[in-house]
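Residue numbers (this note's numbering): 16 to 274.
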């Protein structure tokens with residue numbers, strides 16, 4: 016693989032994401048969404064996608080634009096409450112949804128990127144997360160077509176006390192899409208504050224990681240101690256510039272004193 020991982024267009028960056036692919040996508044709400052890559056994927060026309068991301072954007076932004084065009088077959092997410100079309104497709108049986116506790120989802124992505132097949136956690140013990148029965152796809156008539164299966168629960172001694180833990184399998188995907196504030200030609204990335212969120216973990220989980228960066232710099236210009244994601248996890252880098260649209264789900268303001 017060449018050390019210069021830059022690509023010139025978004026279309027080139029996503030060109031091999033075919034129908035039926037699985038993707039891990041960074042972002043939390045609308046913060047840190049790789050919108051240029053998502054829009055290029057929409058234009059490409061690939062469908063039947065299985066996507067892992069904290070949430071699915073809103074109706075007209077983020078991953079929501081893929082959902083609105085019926086490109087997504089399955090979502091693995093922690094939160095789904097900002098998208099009316101998501102609700103409609105799920106309840107009508109058009110969309111499969113695997114709800115996963117947020118910390119567990121993060122660790123499943125990290126484990127996948129680290130070569131760890133599975134791990135035990137106390138999160139979800141005693142609930143349908145462990146016991147099974149969570150609806151994953153409805154039949155369109157109010158019944159459940161696909162439900163989650165029971166997971167392995169095992170007892171471990173923690174500080175002298177026996178506690179149950181549920182086994183969670185790691186997540187790996189065909190591709191991952193992330194947005195970063197800065198990147199170099201070798202793929203080393205720096206994220207901006209809370210926009211880091213799930214992005215490094217999503218990037219690690221993808222067999223091919225595609226990163227859009229606001230600023231492209233030369234190798235060596237990023238202090239090694241400032242690197243949030245090493246270039247070993249990144250395969251393509253697309254510079255998108257700083258003049259890109261960034262949205263907020265719900266803007267909350269108050270009138271200033273004396274106004």
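In this text, a Cβ means the ideal position worked out from N, Cα and C, and glycines have one as well. Quantities reported herein were computed from a predicted structural model and do not represent experimental measurements.
Whole angstroms are fine: how far does the CA of residue j sit from the CA of residue i?
i           : j           : result
residue 135 : residue 66  : 23 Å
residue 221 : residue 187 : 6 Å
residue 113 : residue 270 : 41 Å
residue 29  : residue 190 : 9 Å
residue 16  : residue 192 : Because the pLDDT at residue 16 is just 49, under 50, the model does not fix this residue reliably, and the value given afterwards should be weighed accordingly. Approximately 19 Å between the Cα atoms of the pair.
residue 235 : residue 242 : 11 Å
residue 143 : residue 230 : 44 Å
residue 58  : residue 44  : 22 Å
residue 23  : residue 77  : 22 Å
residue 118 : residue 37  : 21 Å
residue 90  : residue 56  : 16 Å
residue 179 : residue 145 : 11 Å
residue 60  : residue 166 : 36 Å
residue 225 : residue 252 : 6 Å
residue 215 : residue 228 : 13 Å
residue 34  : residue 84  : 13 Å
residue 272 : residue 171 : 56 Å
residue 161 : residue 104 : 15 Å
residue 259 : residue 75  : 16 Å
residue 196 : residue 133 : 31 Å
residue 211 : residue 238 : 17 Å
residue 25  : residue 32  : 12 Å
residue 177 : residue 139 : 16 Å
Give me whichever residues DSSP pairs with residue i in a beta bridge.
i           : result
residue 153 : 159
residue 241 : Beta-bridge pairing links residue 241 to no other residue.
residue 71  : Residue 71 is not bridged to any residue.
residue 89  : 65, 111
residue 97  : In DSSP, residue 97 forms no bridge with anything.
residue 26  : According to DSSP, residue 26 bridges with nothing at all.
residue 194 : 227
residue 105 : None, per the DSSP bridge assignment.
residue 232 : 199
Would the beta-carbon of residue i fall within 8 Å of that of residue j?
i           : j           : result
residue 98  : residue 73  : yes
residue 68  : residue 95  : no
residue 213 : residue 42  : yes
residue 154 : residue 108 : yes
residue 131 : residue 255 : no
residue 128 : residue 18  : no
residue 53  : residue 82  : no
residue 168 : residue 181 : yes
residue 209 : residue 71  : no
residue 233 : residue 266 : no
residue 106 : residue 88  : no
residue 79  : residue 102 : no
residue 244 : residue 204 : yes
Rounded to whole angstroms, how far is the Cβ of residue i from the Cβ of residue j, which I believe are closer than 8 Å?
i           : j           : result
residue 184 : residue 152 : That pair is no contact at about 19 Å.
residue 246 : residue 175 : The pair is not a contact, with the Cβ atoms about 44 Å apart (cut-off 8 Å).
residue 141 : residue 163 : Contact flag wrong, Cβ pair sits at about 15 Å.
residue 194 : residue 223 : Actually they do not touch by this definition, with Cβ atoms about 16 Å apart.
residue 93  : residue 116 : 7 Å
Problem set entry | Contained alpha helix (DSSP H) runs [length at least 4] in the region 38–63, N- to C-terminal order | 50–59
For this session: Please go through the region 199–230 and give each complete alpha helix (DSSP H) segment of 4 or more residues, from N-terminal end onward.
Result: 214–220
For this session: Jot down the residue ranges of each uninterrupted beta strand (DSSP E) in the region 161–191, minimum 3 residues, whole runs only, in chain order.
Result: 168–173, 176–184
Exercise. What are the start and end residues of each continuous beta strand (DSSP E) run of 3 or more residues lying completely inside the region 113–149, in chain order?
Worked result: 133–136
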